[in-house]
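Structure first, commentary second.
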Amino acid sequence: MPRNALCKKEELNMPVLFKGEVVITTEMLASVYETDTNNIQANFARNKDKFEEGKHYILLQGAELKEFKSQPTNSQVVKKNTSQLYLWTERGASRHCKILDTDKAWEQFDYLEETYFKVKEQGLDIHKTLAEFRGQIIGLVDEQIGNAIKQVERKCSEYYKPSCADKSSISHYIKKRLGIAKADEEYELVKERVLIRLGARKWEDIDIETLRNSMDIIDESIRILKMERPYEQTSLFEKKGA
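Those letters in the sequence shown? Residues 1 to 242, by full-length UniProt numbering.
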């Protein structure tokens, strides 16, 4: 039977990391050594003087534990209602193996040392690698989407510029409202005022959406010019668009 066949926890397929260091939880350690968590905890309590925090184990509580729980890769290795969590380093796992002193424990520690904790020796930071990969993918997708949007916007900008027919219709509308048959000074003044209000220099610069929403400005410009006409009675009750 291969050594790793004794590992019952699927979590062992993905080493737990804390600040770049490979660690193992009490539950995982108990599963590997084929004992129970109570035994691991009892051995630790009886031999606590032989364990050094930061060297053999890491104790997570409060905000630090909350942050650890929030990481997606850790959601399966710690219960939501856990108030404190012991994470055992490679030296801590070795110390527990010596305390248990069973053939199975020694056999499984060899497995942990040769495979599970080897991730650290290879210099692999899984969380960092995944985060960097995710960032690269998101950046690539954002760039592609951004380029696609720019292409669509350029095409739409060209496509939706007012056509000659649109400009002709607007010109005819202005002339009709002014009561003239062809462009004159008044026509140019109305046109100039509309362009100024729209922040454009010529009709071709006005996009179709702005053009559709600019009739109020056109009507207003016509009404103002007609009211400034000398010797012409202009009804104060002239309706918009009349």
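Heads up, the beta-carbon is just placed ideally off N, CA and C, and yes, glycines get one too.
If I'm right that Thr-26 touches Gln-41 with Cβ under 8 Å, what's the distance once you round it to whole angstroms? With a Cβ gap of about 7 Å, Thr-26 and Gln-41 count as contacting.
Comparing C-alpha positions only, which one of Glu-21, Gly-135, Val-194, Ala-105 sits nearest to Asp-219? Nearest to Asp-219 by C-alpha distance, out of Glu-21, Gly-135, Val-194, Ala-105, is Val-194.
Buried or exposed: where does Ala-45 fall if 16 or more other Cβ atoms within 10 Å of its Cβ makes it buried? Exposed is the call here.
Per DSSP, the bridge partner or partners of residue 315: The chain is shown from 1 up to 242; residue 315 falls before or after that span and cannot be answered.
Measuring alpha carbon to alpha carbon, tell me which of Val-22, Met-227, Glu-192 ends up nearest Lys-118. Looking at the Cα atoms, Val-22 is the closest of the given residues.
How far does the beta strand (DSSP E) with Leu-195 in it reach, from first residue to last? Note, Leu-195: premise wrong, no beta strand (DSSP E); alpha helix (DSSP H) at 185-198.
Separation of Lys-104 from Thr-35, as counted between CA atoms: When rounded, the distance between both Cα atoms is 10 Å.
Per-residue DSSP class, three states only, for Val-32: Three-state DSSP puts Val-32 in a helix.
Less than 9 Å between the C-beta atoms of Thr-102 and Tyr-33, yes or no? Yes, Cβ-Cβ distance for Thr-102 and Tyr-33 is below 9 Å.
Option in Lys-175, Ala-200, Leu-198, Gly-199 with minimal Cα separation from Glu-188: Out of Lys-175, Ala-200, Leu-198, Gly-199, the CA that lies nearest to the CA of Glu-188 is found in Lys-175.
Three-state secondary structure assigned by DSSP to Phe-18: Phe-18 falls in the strand class under three-state DSSP.
Would you tell me roughly how many angstroms separate the C-alpha atoms of Glu-143 and Gly-135, rounded to the nearest one? Approximately 12 Å, taken between the alpha carbons.
For Val-190 versus Ile-145, is the C-beta spacing smaller than 9 Å? Ile-145 sits away from Val-190, with the two beta carbons spaced by 9 Å or more.
What are the start and end residues of the alpha helix (DSSP H) that includes Trp-106? That run of the alpha helix (DSSP H) goes 103-111.
Other residues of its chain near Met-215: CB distance less than 6 Å, five sequence neighbours each side excluded: Here the set comprises nothing.
Start and end residues, alpha helix (DSSP H) containing Ile-224: It spans 215-227 - the alpha helix (DSSP H) in which Ile-224 sits, taken as one unbroken run.
Excluding sequence positions up to five away, which residues of its chain have a Cβ less than 8 Å from the Cβ of Phe-68? Hits under 8 Å: Phe-18, Leu-60, Asn-74, Val-78, Leu-85.
Arg-201 classed as buried or exposed, judged by whether at least 16 other C-beta atoms fall within 10 angstroms: Burial call: exposed.
Rounded straight-line distance, which links the Cα of Leu-178 to that of residue 248: Because the chain here runs from 1 to 242, residue 248 falls outside it and cannot be looked at.
Have a look at Phe-51 and Ser-83 and give me their C-alpha separation to the nearest angstrom. Their backbone Cα atoms lie some 21 Å apart in a straight line.
DSSP state of Glu-209 mapped onto helix, strand, coil: Here Glu-209 sits in helix by DSSP.
According to DSSP, is residue 300 part of a helix, a strand, or is it coil? Residue coverage of the chain in this structure runs from 1 to 242, which leaves residue 300 outside it and unanswerable.
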